[in-house]
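Engineer: Before I ask anything, let me first share the structure, which is written out below as structure tokens.
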Amino acid sequence: MSSWYRHLPSEFEPAGVELLAGGSLSSTWVARWREQPQEAVIHDSEQGWVSGQELLDRSEVIARKLGRAGVEPGDRVLLSAASSAGLVAAHAAVLRLGAVVMPTNGAYRAEEVAHVVTDARPKVAIVEQPEWIEWIHAADPNVVVTSPSVDLDMGPSVQLDQAQSETPALIGYTSGTTGRPKGAVLSHGNLLSSVRGLEIAWRWTADDTLILALPLFHMHGLGVGLHGTLTVGAKAVLLPDFEVSQVLDSLQEFHATMFFGVPTMYGRLLESTRADELKNLRLCVSGSAPLAAELHHKIYQITGQRVLERYGMTETAMLVSNPYEGERRPGSVGFPLPGVEIRLEGEPAEIQVKGPNVFSGYWERPNENVDAFVDGWFRTGDLGAIDSDGYLSIVGRAKELIISGGFNVYPREVEDVISEYEPIQECAVVGVPDDEWGEVVVAFVVAEREVGTDEIKSFVGERLAHYKRPRRTHRVEALPRNALGKVQKHRLMEERET
Ligand code: MCA
Ligand code: AMP
């Protein structure tokens, strides 16, 4: 069964806003900064407010240093650091040069770092973790590694702001069934059109101040929070970690209007006796993982905020959102954003998407790119249903993915590492529902002796980021398999976790 669906409720109508106006993401920011150079843009706790003029100057200096280090348009630059105005300037510098940012999770261990380095071959890596220098050089000794202060030699002036809409801007690592993450290549136009859609849908204006406690190495913090702020000429207060009292203090101190978070963050905010302070915000957005309807209702009862849930992916940036005006329906992600087309295809119905925000393919993965699209539609791997009012709900996943606290974990990657542990013959990793994290990683192992969770954690701890490590382990006689030999993970969960 296939059903077509394209819905642009009146509140999402582009109303004269051209989704690709400005062509390149960073040129749009540069134009804003030149128009109002003294306007504050980014706040961090060390530097206070940083203006448009400072971002222009600092990004130009970093671009000249990168140019001197050999970075040319199209080259990749790996960025991994806690949120700061310096990181924002480095990000802007790479984009202004026409080079490609590889935002990378700072929790990655040596093998995870080596994978992205050998895969995308960055010329320069700007990283804050000292141990990464050795890890990156072990993977590729030619990479120039520097700290977020970019202590490289100054170079002559370089050509800036030549990128076009189709120029690659960012490689976001994400995975699937193949074990190791693959790089989704997003162009300036993909990223720009996505935030312009959000500008319209969420009434995002230069008057807004966002409290941004999401990391800047994933689409939510970077592609939504930071890019949106810079594109509309608004302000963002960067917090390097998510800490409830700091978020609430910042809301007050900076007269913030918006907060974006993953459901785990909202759950923690609600535990605070000060949770009702969220009422002062114009807009609270949740994404990256399903927001339980119960949590949505509780937030409303305590704070009066109807959290607006939206849906997106690394490969597509933002796709669907509940309305700003009109009903924000719990358990639903709402309507396609401006320019986005959605169809449900097959049985069970997979969400497939088209639009100026959708990437054109994975970095150097021609075979996987063939499977990723059907007739020009990108296959999200998420299962959807649309109710009679046109609201889309995500009802399941066709892909194997665990979302823990908003971070994605690909079972195959974890299984591959655990299976290398000597006492273990076989392993299957599943996501089990959890009140705090949404889902947690649980491993089922066939082993020659009892192997505890701590033992497995310490084995994988050297090789996998913390959020990928199993929280629980069960030893089983054998993994249940179907006639084709495929492990039946639902049976594992039913038998053990109920
Ligand atoms: C921390 N831990 C976790 C996670 N985070 N375990 C599982 N899943 C996690 N996400 C571990 C820590 O290592 C620690 O382990 C224990 O949990 C408690 O840590 P805690 O200090 O409480 O955690 P935290 O540092 O406060 O982190 C919680 C967090 C963080 C703030 C919710 O997970 C986070 O920033 N999540 C957001 C991720 C994100 O930005 N996703 C967007 C992806 P131990 O006790 O063993 O030391 S972009 C995306 O998905 C798409 C495009 C979209 O639609 O947005
Ligand atoms: P990634 O591309 O790795 O950042 O993760 C994208 C995936 O996160 C999507 O394919 C969905 O499965 C999931 N996701 C994002 N937002 C939501 C949401 N609001 N509700 C349910 N799942 C979501």
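First residue of the sequence shown? That's 513 in my numbering, and the numbers climb one at a time after it.
C-beta atoms are modelled at their ideal positions from N, C-alpha and C, and glycine is treated no differently.
(1) At what residue ranges does the region 597 to 672 contain a whole run of the beta strand (DSSP E), taking only runs of 3 or more?
(2) Would V941 and E960 qualify as a contact pair, given that the criterion is a beta-carbon distance under 8 Å?
(3) Quick one: is the Cβ of R692 within less than 7 Å of any heavy atom of the ligand AMP?
(4) Buried or exposed: which applies to T717, given that a residue is buried once 16 or more other Cβ atoms fall within 10 Å of its Cβ?
(5) Please tell me whether R588 and A611 are closer than 8 Å, where the distance is taken between their beta carbons.
(6) If you draw a straight line from the alpha carbon of A725 to that of L996, how long is it in whole angstroms?
(7) From I914 to C939, what distance separates their C-alpha atoms?
(8) Drop a sphere of 10 angstroms on the beta-carbon of L531, count the other beta-carbons inside from all chains shown, and report buried for 16 or more, exposed for fewer.
(9) List the endpoints of the continuous beta strand (DSSP E) containing K747.
(10) With H, G and I counted as helix, E and B as strand and the rest as coil, what does DSSP make of N994?
(11) Excluding five sequence neighbours on each side, which residues of the same chain lie with their C-beta closer than 7 Å to the C-beta of G973?
(12) At a threshold of 7 Å, does A626 count as lining the ligand AMP (C-beta to nearest heavy atom)?
(13) What is the DSSP secondary structure of T1010, counted as helix, strand or coil?
(14) The ligand MCA and W716: does any heavy atom of the ligand fall closer than 7 Å to the residue's C-beta?
(15) My output table needs one value for E989: the three-state DSSP class, helix, strand or coil.
(16) Could you tell me which whole alpha helix (DSSP H) segments of length 4 or greater appear in the region 866 to 943?
(17) Roughly how many angstroms lie between the CA atoms of M731 and P775, to the nearest whole one?
(18) Flag this pair as yes or no: are the beta carbons of A713 and L698 separated by less than 8 Å?
(19) So which of E572, L567, E827, G534 has the shortest CA-CA distance to P668?
(20) Can you tell me whether L913 sits near the ligand AMP, meaning its C-beta is under 7 Å from at least one heavy atom of the ligand?
(21) Give the secondary structure of T686 by DSSP, where H, G and I count as helix, E and B as strand, and everything else as coil.
(22) Among the residues of its own chain, which have a CB less than 6 Å from the CB of L991, if the five just before and after it don't count?
(23) Using CA coordinates, which residue listed in L763, G618, L578 is at the minimum distance from S595?
(24) Quick check: what's the CA-CA separation for P642 versus S592?
(25) Restricting to Cα atoms, I'd like to know which of V657, E646, L904 is closest to E853.
(26) Put Y836 into one of helix, strand or coil per three-state DSSP.
(27) Under a three-way DSSP split, which group does L537 fall into?
(28) Tell me whether V957 sits in a helix, a strand or coil according to DSSP, three-state version.
(29) Just verifying my parser: in three-state terms, what is the DSSP assignment at H808?
(30) Compare the C-alpha of V707 against each of T540, R841, G843 and name the closest.
(31) Please list the terminal residues of the continuous alpha helix (DSSP H) segment that includes E827.
(32) Nearest by alpha-carbon distance to A575: which of L590, T826, A602, A955 is it?
(33) Mapping the DSSP letters down to three states, classify E967 as helix, strand or coil.
Structural biologist: Let me spell this out:
(1) 612 to 615, 636 to 639, 656 to 658
(2) As a first step, residue 941 must be located in the sequence shown, where it is residue number 429. As a first step, residue 960 must be located in the sequence shown, where it is residue number 448. Not in contact: V941 and E960 (Cβ atoms no closer than 8 Å).
(3) As a first step, residue 692 must be located in the sequence shown, where it is residue number 180. For the ligand AMP, not one heavy atom lies less than 7 Å from the Cβ of R692.
(4) Your numbering for residue 717 matches position 205 in the sequence shown. It is exposed - the Cβ of T717 has fewer than 16 other Cβ atoms within 10 Å.
(5) For the purposes of this step, residue 588 is identified with residue 76 of the sequence shown, where counting begins at 1. For the purposes of this step, residue 611 is identified with residue 99 of the sequence shown, where counting begins at 1. Yes. Within cutoff.
(6) In the sequence shown, counting from the first residue as 1, residue 725 sits at position 213. In the sequence shown, counting from the first residue as 1, residue 996 sits at position 484. Going by the C-alpha atoms only, they are around 45 Å apart.
(7) By 1-based counting over the sequence shown, the position of residue 914 is 402. By 1-based counting over the sequence shown, the position of residue 939 is 427. Taking the straight line from one Cα to the other gives about 16 Å.
(8) Here the question's residue 531 lines up with position 19 in the sequence shown. Answer is buried; the Cβ neighbour count reaches 16.
(9) Counted from its first residue, the sequence shown places residue 747 at position 235. That run of the beta strand (DSSP E) goes 747 to 750.
(10) As a first step, residue 994 is located in the sequence shown; it is residue number 482 there, counting from the start. Correct three-state label for N994: coil.
(11) Stepping through the sequence shown from its first residue, residue 973 is reached at position 461. Counting only Cβ-Cβ distances below 7 Å, and skipping sequence neighbours, we find R981.
(12) Translated into the one-based positions of the sequence shown, residue 626 becomes position 114. No - the ligand AMP has no heavy atom lying nearer than 7 Å to the Cβ of A626.
(13) One-based indexing of the sequence shown puts residue 1010 at position 498. Because the pLDDT at T1010 is just 42, under 50, the model does not fix this residue reliably, and the value given afterwards should be weighed accordingly. Reduced to three states, the DSSP call for T1010 is coil.
(14) Locating residue 716 in the sequence shown gives position 204, where the first residue counts as 1. No - the ligand MCA has no heavy atom lying nearer than 7 Å to the Cβ of W716.
(15) Mapped onto the sequence shown, residue 989 falls at position 477. Note: E989 maps to coil in three-state DSSP.
(16) 878 to 884, 923 to 930
(17) In the sequence shown, the residue the question calls residue 731 occupies position 219. In the sequence shown, the residue the question calls residue 775 occupies position 263. Taking the straight line from one Cα to the other gives about 16 Å.
(18) Position 201 of the sequence shown holds residue 713. Position 186 of the sequence shown holds residue 698. For A713 and L698, no; Cβs fall outside 8 Å.
(19) Translated into the one-based positions of the sequence shown, residue 668 becomes position 156. Closest by alpha carbon: E572.
(20) As a first step, residue 913 must be located in the sequence shown, where it is residue number 401. At least one heavy atom of the ligand AMP is nearer than 7 Å to the Cβ of L913, so yes.
(21) Position 174 of the sequence shown holds residue 686. Three-state DSSP puts T686 in a strand.
(22) As a position in the sequence shown, residue 991 is number 479, starting the count at 1. Closer than 6 Å at the Cβ level, and outside the excluded window around L991, lie E938, A940, V999.
(23) Translated into the one-based positions of the sequence shown, residue 595 becomes position 83. The residue with the shortest Cα to Cα distance from S595 is G618.
(24) Here residue 642 refers to the residue found at position 130 when the sequence shown is read from its first residue. Here residue 592 refers to the residue found at position 80 when the sequence shown is read from its first residue. Each residue's alpha carbon lies about 11 Å from the other.
(25) The residue labelled residue 853 in the question sits at position 341 within the sequence shown. Measuring from the Cα of E853, the nearest candidate turns out to be L904.
(26) Taking the sequence shown and counting its residues from 1, the one referred to as residue 836 is at position 324. Y836 falls in the coil class under three-state DSSP.
(27) For the purposes of this step, residue 537 is taken as the residue at position 25 of the sequence shown. In this structure, L537 counts as helix in the three-state DSSP scheme.
(28) Residue numbering aside, residue 957 sits at position 445 when the sequence shown is read from its first letter. V957: strand per DSSP, three-state reduction.
(29) Taking the sequence shown and counting its residues from 1, one reaches residue 808 at position 296. H808: helix per DSSP, three-state reduction.
(30) Your numbering for residue 707 matches position 195 in the sequence shown. For V707, the nearest C-alpha among the options comes from T540.
(31) Here residue 827 refers to the residue found at position 315 when the sequence shown is read from its first residue. Counting along the chain, E827 falls outside any alpha helix (DSSP H), and DSSP gives it neither H nor E.
(32) Mapped onto the sequence shown, residue 575 falls at position 63. Per the Cα distances, A602.
(33) One-based indexing of the sequence shown puts residue 967 at position 455. Here E967 sits in helix by DSSP.
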